[in-house]
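Report on one structure; see the data block that follows.
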Amino acid sequence: PASTHAGRLLPDEAENRHAEVNGYKFDLSFAKPMLQAKSTVAGNLRVLDPSGKACDKLEVVMGAFGHLVGFSDNFSTVLHMHPVGKQPTDASSVGGPDLPFYFRSNQPGLVRLFTQVKINGKDFFPRFVIKVQPLQHLPE
Numbered sequence: 318p319a320s321t322h323a324g325r326l327l328p329d330e331a332e333n334r335h336a337e338v339n340g341y342k343f344d345l346s347f348a349k350p351m352l353q354a355k356s357t358v359a360g361n362l363r364v365l366d367p368s369g370k371a372c373d374k375l376e377v378v379m380g381a382f383g384h385l386v387g388f389s390d391n392f393s394t395v396l397h398m399h400p401v402g403k404q405p406t407d408a409s410s411v412g413g414p415d416l417p418f419y420f421r422s423n424q425p426g427l428v429r430l431f432t433q434v435k436i437n438g439k440d441f442f443p444r445f446v447i448k449v450q451p452l453q454h455l456p457e
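Heads up: the sequence shown begins at 318 in our numbering, then just goes up one per residue.
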């Protein structure tokens with residue numbers, strides 16, 4: 318299970334697109350298997366409740382059903398992403414289980430990605446590690 322705090326940053330930390338906090342499972346996926354610097358790619362965060370069912374009870378946090386913040390290896394870059402799917406219409410709205418978003422990092426390396434969602438009045442902060450490769454120009 319993933320920690321809910323940053324902890325020590327390890328330069329060779331393994332990529333991790335799955336987290337579990339208090340029985341809730343958080344799965345991060347991207348439209349492309351390899352993330353490249355300076356390339357925007359669609360991503361999705363899927364939330365499952367402790368019984369394994371899709372969690373459609375995400376509450377409003379700062380005007381959205383979730384937030385994503387990423388930090389580069391040396392903290393020289395901070396990424397802040399908002400979900401682009403269904404948006405809250407008022408403070409009592411609920412969403413989920415999917416939070417689609419767009420990811421882009423202008424530099425390669427490891428990114429520690431934290432999400433914030435609220436379920437039943439409790440904030441969750443699952444932590445992920447994703448690897449961004451240098452931009453590769455493929456022959457056409």
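Even glycine gets a Cβ: it sits at the ideal position worked out from N, Cα and C.
Taking every protein chain shown into account, the CB of S422 has 16 or more other CB atoms within 10 angstroms, so this residue is buried.
Taking one beta carbon from each stretch, the region 411 to 421 and the region 355 to 374 have 3 or more pairs nearer than 8 angstroms; the two touch. Between E332 and L427, the alpha-carbon positions lie close to 8 angstroms from each other. Under the DSSP assignment, T357 falls outside any beta strand (DSSP E); it carries neither an H nor an E label. By the C-beta criterion, the region 347 to 360 is judged to be in contact with the region 435 to 451, since at least 3 inter-stretch pairs fall below 8 angstroms. Within 10 angstroms of the beta-carbon of V401 lie fewer than 16 other beta-carbons, which makes it exposed. Within the same chain, and ignoring the five residues on either side of V434 in sequence, the residues whose Cβ sits closer than 6 angstroms to its Cβ are L375, G383 and F441. Taking 8 angstroms as the cut-off, the Cβ atoms of F420 and G380 do not count as close.
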